[in-house]
Structures are given as C-alpha cells and as structure tokens.
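**Student:** Going by my numbering, the first residue of the sequence shown is number -13, and it counts up by one from there. Every residue gets a Cβ at the ideal spot worked out from N, C-alpha and C, and that includes glycine.
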Amino acid sequence: FFLAFARIDLFKFKFHSRVLDMGSNPNVQQLANRLSKLAGLSIFLGVGATVAQSSLFVVEGGHRAVMFNRFSGIEKEVRGEGFHFRIPWVQRPVKFEIRTRPRSINSVTGTKDLQMVNLVLRVLSRPNPEALPEIYSRLGQDWDERVLPSIANEVLKAIVAQYNAEQLLTQREMVSRQIRDTLTERAKMFNIELDDVSMTHLTFGKEFASAIEAKQVAQQDAERSKYIVMVAEQEKNAAITRAEGEAEAASLISNALATAGDGLIQLRRIEAAKDIAGVLSSSRNVTYLPEGGNMLLNMN
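1) P74: which of S90, L253, F57 and A225 sits nearest, CA to CA?
2) Quick one: give me the first and last residue of the alpha helix (DSSP H) that E131 is part of.
3) Have a look at R166 and R85 and give me their C-alpha separation to the nearest angstrom.
4) Using the three-state DSSP reduction, which class does L110 fall into: helix, strand or coil?
5) Just to confirm the assignment, what range does the alpha helix (DSSP H) spanning R72 have?
6) Check whether the segment 152 to 165 and the segment 200 to 212 are in contact - that is, three or more C-beta pairs closer than 8 Å.
7) Could you tell me if V94 is buried or exposed, where buried requires 16 or more neighbouring beta carbons within 10 angstroms of its beta carbon?
8) Does the Cβ of N177 have 16 or more other Cβ atoms within 10 Å, making it buried, or fewer, making it exposed?
9) K98 by DSSP, collapsed to three states: which one?
10) Between which two residues does the beta strand (DSSP E) carrying A51 extend?
11) According to DSSP, what are the bridge partners of T189?
12) Would you report the Cα separation of R65 and L118, rounded to the nearest angstrom?
13) Where do the N-terminal and C-terminal ends of the alpha helix (DSSP H) with Q164 fall, by residue?
14) Pull up the CB-CB distance for Q101 and A151, whole angstroms please, since I reckon it's below 8 Å.
15) Quick test of your reading: E179 and N114, contact by CB under 8 Å. State the CB separation rounded to the nearest angstrom.
16) Taking F190 as the reference, give the member of E230, E63 and L105 with the closest Cα.
17) Does the Cβ-Cβ distance between L169 and V146 come in under 7 Å?
18) Run the CB neighbour count on T97, radius 10 Å, all protein chains shown included, and call it buried at 16 or more, exposed below.
19) Roughly how many angstroms lie between the CA atoms of G264 and A258, to the nearest whole one?
20) With C-beta atoms as the reference, is L107 less than 7 Å away from A138?
21) Classify K267: buried if its beta carbon has 16 or more other beta carbons within 10 angstroms, exposed otherwise.
22) What number of angstroms, rounded off, separates the C-alpha of G48 from the C-alpha of I121?
23) If you run the structure through DSSP and keep just helix, strand and coil, what is E234?
24) Give me the DSSP bridge partner(s) of P88.
25) Here's the rule I'm using: 16 or more other beta-carbon atoms within 10 Å means buried, otherwise exposed. How should R50 be labelled?
26) State yes or no: is the C-beta of V45 within less than 7 Å of the C-beta of E67?
27) Of the residues N19, T227, M216 and V52, which one's Cα is nearest the Cα of S123?
28) Terminal residues of the continuous beta strand (DSSP E) containing E46?
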C-alpha cells in the first residue's frame, strides 16, 4: 500500500517536472490537472477497496464464527453462515466446524474379577453451536482433543469395573448402552453433543484366554464324568433287575419242584439233550458209533 503511494508520488513529480519544462501551455496544464484528479480518485478507490475487503469475512457451510474483540474480549453473539462485517484490527473472527466428526478412543482397563480388557470406543461428536463463545473461552478450537479422551477413559474405567469379564461378553449391549448414556451426560458438561457412542472392539488378555480354555476343559471332563456315572447307574439298575428276575425265577422253580417233584428237572434235561443232539447232528465233524461194538472190525 505504501509502495503504491510512493510510485504515484514519483509519477506526479516526474509529470510536473515535464509540465514545467514544456512551459505554460494551457492544454498541457489542463491535462495535468485531470491526471492528478484521476490519480487521487484511484488512490481513494484503492483505499476503499482495501478497507472493505478487511471489513468483510465469510463463514462457510457447516461452520460458525465467534468474534474476538481486542477491547471487550470474546463476544456472545455467534455468526452463522454467509457474509459478515467486522471492524479491522479491532475484531477478529474465530471459525468453528460444527459438523459431526468421528473419533476412536482406545482404553485398557480392569474388570471386576481383575481381568485386563482392551476396549475401542467410536464417538461421533460436535460442539453446541449456541455455546461456542464459552467453548472457545474454556477449551479453544481443539476442544475434542482436550476433553473426549479424558472423559471417555474415565467413564470406561468406572463402568467396566462393575462387570466381570464373562458379563462383558454376555451383556455387551447393556454395557454399551450404559457407557453411551453416561458419556453423553458427561460431555454435556463441556457443551459437547454426542450423536453416537459405540463399543467396536473388545479383547481380553492372554491370562483370560488361558482361563477360558481351562474352564472349557474342566467342563468337558465334568460332562464325561457325569456320563460315566450315568452309565454305571444304568448298569447297576440292570444288574439289580436281572438279579431280581433270577431270584423270582428260582423261587418259581422251587415252588414247582415242591409241588410236582423232579418232573420239571427231567423235562429240562430232555429239552437240553434235544438241543445238544440237534446241534451235533448238523455238524459234519461228528460220527455216531454203536455202543458196545466195533463197527469196523465187527469183533467182540
């Protein structure tokens, strides 16, 4: 700006010097006056354009602006999207993005049964547009970096400590909902709105994996022992039933013998002999010989 003034003054000095050299020609003097007026008008328009440019600023879509005044500090009014005026040097606009932004927060904490668990929390956050002056005054433009990691770790550690490792797996939806509700209320204290909070990753340490494997092995052994006991119980019941049947059969046989004599024994003997004879007759390796004689030599 000052360089432009210097060039214009140099041009006017050279022009007036040439005019003086050319004498007192009226036409030349009139032309010199017009050029001087044009130069002054150009200077005025340049200064006006510079002042207008420094007095205007634009707030883009999805943003808001907070005005900082060098004399009164941060102003309470929040500027929306579009063109706005400011006083050069006195006022300075500070722009904030109010779109929802994602962030992943990793936390390692302990459960109620002293198992270490690694949690990854995905948070969708944005600043409260009406409270931007307070946010800028307390936190600055990096509000999410200052607040979210600390309060998220605090909430995760407090809630996970209320559950056992097994409950985190079986009641994951309830745990995630409790984390979301608690973290949302905690963020409102800093004028931060949370659109969504979800638990995306959940892993346990090697000790817990070993304990789970040992538990499964113990459960399988218990099931196997239970099966063996059940088989033994069934065999015991079968033996008792068989013994009771044999005892009842013996009692019936004793009663029959006492009533009819040894006729039943003789009948059983005949039936057994009949069965044995039937088996032997069907065998090719059995030969029948006459009793008391030599069939081959016919000798006594």
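**Tutor:** So, from the data block:
1) As a first step, residue 74 must be located in the sequence shown, where it is residue number 88. It is F57 whose Cα lies nearest to the Cα of P74.
2) By 1-based counting over the sequence shown, the position of residue 131 is 145. Here the alpha helix (DSSP H) through E131 covers W129 to V146.
3) For the purposes of this step, residue 166 is taken as residue 180 along the sequence shown, with counting starting at 1. For the purposes of this step, residue 85 is taken as residue 99 along the sequence shown, with counting starting at 1. C-alpha separation (whole angstroms): 20 Å.
4) Walking along the sequence shown from the start, residue 110 turns up at place 124. Look at L110 here: in three-state DSSP terms it is strand.
5) Counted from its first residue, the sequence shown places residue 72 at position 86. Where R72 is concerned, there is no enclosing alpha helix (DSSP H), given that its DSSP letter is neither H nor E.
6) no
7) Mapped onto the sequence shown, residue 94 falls at position 108. Exposed, since its Cβ has fewer than 16 Cβ neighbours within 10 Å.
8) As a position in the sequence shown, residue 177 is number 191, starting the count at 1. With 16 or more Cβ atoms within 10 Å of its Cβ, N177 is classed as buried.
9) Numbered from its first residue, the sequence shown carries residue 98 at position 112. Residue state, collapsed to three classes: coil.
10) Taking the sequence shown and counting its residues from 1, the one referred to as residue 51 is at position 65. Per DSSP, the continuous beta strand (DSSP E) segment holding A51 begins and ends at H49 to N55.
11) The sequence position of residue 189 within the sequence shown is 203, counting from 1. BP columns for T189 point to N104.
12) What you label residue 65 is simply residue 79 of the sequence shown in a count that begins at 1. What you label residue 118 is simply residue 132 of the sequence shown in a count that begins at 1. R65 and L118 have their C-alpha atoms some 10 Å from each other.
13) Stepping through the sequence shown from its first residue, residue 164 is reached at position 178. R158 to K174 is the extent of the alpha helix (DSSP H) around Q164.
14) Here residue 101 is taken as the residue at index 115 of the sequence shown, counted from 1. Here residue 151 is taken as the residue at index 165 of the sequence shown, counted from 1. Right, the Cβ-Cβ distance comes to about 4 Å (below 8 Å), so this counts as a contact.
15) As a first step, residue 179 must be located in the sequence shown, where it is residue number 193. As a first step, residue 114 must be located in the sequence shown, where it is residue number 128. So it is a contact: roughly 6 Å between Cβ atoms.
16) Counting from 1 along the sequence shown, the entry for residue 190 is found at position 204. Nearest C-alpha to F190: L105.
17) If you number the sequence shown from 1, residue 169 lands on position 183. If you number the sequence shown from 1, residue 146 lands on position 160. No; because the gap between Cβ atoms is not below 7 Å, this pair is not in contact.
18) Within the sequence shown, the letter at position 111 stands for residue 97. T97 is buried by the Cβ-count criterion.
19) Locating residue 264 in the sequence shown gives position 278, where the first residue counts as 1. Locating residue 258 in the sequence shown gives position 272, where the first residue counts as 1. About 10 Å.
20) Position 121 of the sequence shown, counted from the first residue, corresponds to residue 107. Position 152 of the sequence shown, counted from the first residue, corresponds to residue 138. Result yes, Cβ atoms of L107 and A138 sit closer than 7 Å.
21) For the purposes of this step, residue 267 is taken as residue 281 along the sequence shown, with counting starting at 1. In the sequence as displayed, the identity of residue 267 is Ser instead of Lys. When all chains shown are included, S267 counts as exposed.
22) As a position in the sequence shown, residue 48 is number 62, starting the count at 1. As a position in the sequence shown, residue 121 is number 135, starting the count at 1. Looking at the two C-alpha atoms, the distance is approximately 17 Å.
23) Translated into the one-based positions of the sequence shown, residue 234 becomes position 248. Note: E234 maps to helix in three-state DSSP.
24) In the sequence shown, counting from the first residue as 1, residue 88 sits at position 102. In the DSSP output, where bridge partners are listed per residue, P88 has L110.
25) Residue numbering aside, residue 50 sits at position 64 when the sequence shown is read from its first letter. Buried is the call here.
26) Here residue 45 corresponds to residue number 59 of the sequence shown, with the count starting at 1. Here residue 67 corresponds to residue number 81 of the sequence shown, with the count starting at 1. In this structure, E67 lies closer than 7 Å to V45 by Cβ.
27) Stepping through the sequence shown from its first residue, residue 123 is reached at position 137. The shortest C-alpha separation from S123 is found at V52.
28) For the purposes of this step, residue 46 is identified with residue 60 of the sequence shown, where counting begins at 1. Taken as a continuous stretch (DSSP letters only), E46 belongs to no beta strand (DSSP E), as it is neither H nor E.
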